[in-house]
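Shown next, in structure tokens, is the structure this report addresses.
Numbering (UniProt numbering), first residue to last: 1 to 188.
Put into structure tokens, the structure is as follows:
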């Protein structure tokens, strides 16, 4: 017998736990906890869904006969979830907002090294756009990545970070609308 899984959270689907479409009919792809009345019940990123599902590790262990820790369960979900319909072929976007914590004279001393760092990551396909804030109190970098840990490792390489020039605030989002359909190709 083929087992079907919720294409959002990975939970095994049964007749009793299938989500509902806008017309009230049962949805064959998603569970009732993830999909109701034709809409997702949570506006989660994949990583947020993993964190949410990890709360149920004890129940997962009981149902499966495993003895996973929460961290082991999260690692397994990070392998499994990208294959699910909701998360497949989705690349998250991150915006790094830099705020200078040193005077501009000090910022300028590391500016060429920072630009070299940017060029390296543009060439690797990591960065989409970047530039200084107006007024010049910091900068902004749009980053394409599979996960936050990778973004953190990329930011750790920035000479502005290494030399204590800027603080970083990272905002994660999953683009769903574009001004032009060709822009969605950037994420592939």
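Beta carbons: idealized from backbone N, C-alpha and C, even for Gly.
Note that the structure is a prediction, hence the values are computed from the model and not measured.
| Check | Outcome |
| --- | --- |
| Starting from the Cα of residue 84, find the closest Cα among 26, 139, 31 and 155 and give me that residue. | 31 |
| Can the beta-carbon of residue 98 be found closer than 8 Å to that of residue 40? | no |
| On the premise that residue 153 lies in contact with residue 92, defined as a C-beta separation below 8 Å, what is that separation, rounded to the nearest angstrom? | The pair is not a contact, with the Cβ atoms about 15 Å apart (cut-off 8 Å). |
| Who are the Cβ neighbours of residue 126 in its own chain at under 8 Å, not counting the five residues just before and after it? | 143, 144, 145 and 154 |
| Around the C-beta of residue 101, are 16 or more other C-beta atoms found within 10 angstroms, so that it is buried, or is it exposed? | exposed |
| Residues in the same chain with beta-carbon distance under 7 Å from residue 6, minus the five sequence neighbours each way, listed in chain order, please. | 13, 30, 31 and 34 |
| Since residue 98 is in the beta strand (DSSP E), which residue starts that stretch and which ends it? | 92-100 |
| So what does DSSP say about residue 32, is it helix, strand or coil? | coil |
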